[in-house]
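Everything in the sequence shown is counted per our numbering, starting at 102 for the first residue and increasing by one.
We put the CB at the ideal spot given by N, CA and C, even for glycine.
Take a look at the structure set out below.
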Amino acid sequence: MNLYATSQNGVLIRLTEERWKHIISGHSELVSYQAEILETIRHPEKILVGNHQELLAVKQIVSGKYLIVVYRELSEGGFIITAYLTRRLRELTKRKQIWP
């Protein structure tokens, strides 16, 4: 199972079965959020740069709760690394915002 979403940079980002299992094993609350994870890649509210040049797509899913999708873009495509929910945006505001 590979699922795909196109990022704001026009890069096709894949969610592999291995990465999906990794996400839900560490964040069981995301088991029903597969579509939202892909939608966050397609239509984030903002994109931040991570500590190792990975990208973080951010989207508010309910009042005060944000879905963060961590992914990497490469010349031949990209892939999702992980995803998680957070209410703490303070840590994220320290990161460089590259979109919008």
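DSSP bridge partner residues for residue i (one or two, in chain order)
| i | result |
| --- | --- |
| Val170 | Ala158, Ala184 |
| Asn103 | Thr117 |
| Gly178 | Leu175 |
| Ile148 | Ala158, Trp200 |
| Val163 | Lys166 |
Residue burial classification, residue i (beta-carbon count within 10 angstroms, cutoff 16)
| i | result |
| --- | --- |
| Ser164 | exposed |
| Gly111 | exposed |
| Arg120 | buried |
| Ser176 | exposed |
Cβ pair residue i, residue j closer than 7 Å
| i | j | result |
| --- | --- | --- |
| Leu168 | Glu146 | no |
| Arg188 | Gly179 | no |
| Val132 | Ile199 | no |
| Val170 | Ile142 | yes |
| Leu186 | Lys166 | yes |
| Ile162 | Leu116 | no |
| Lys106 | Leu139 | The question names Lys, but residue 106 in the sequence shown is Ala. Cβ distance < 7 Å, so Ala106 and Leu139 count as in contact. |
Looking at C-beta atoms only, is the number of pairs between the segment 120 to 135 and the segment 146 to 160 that lie closer than 8 Å three or more? no
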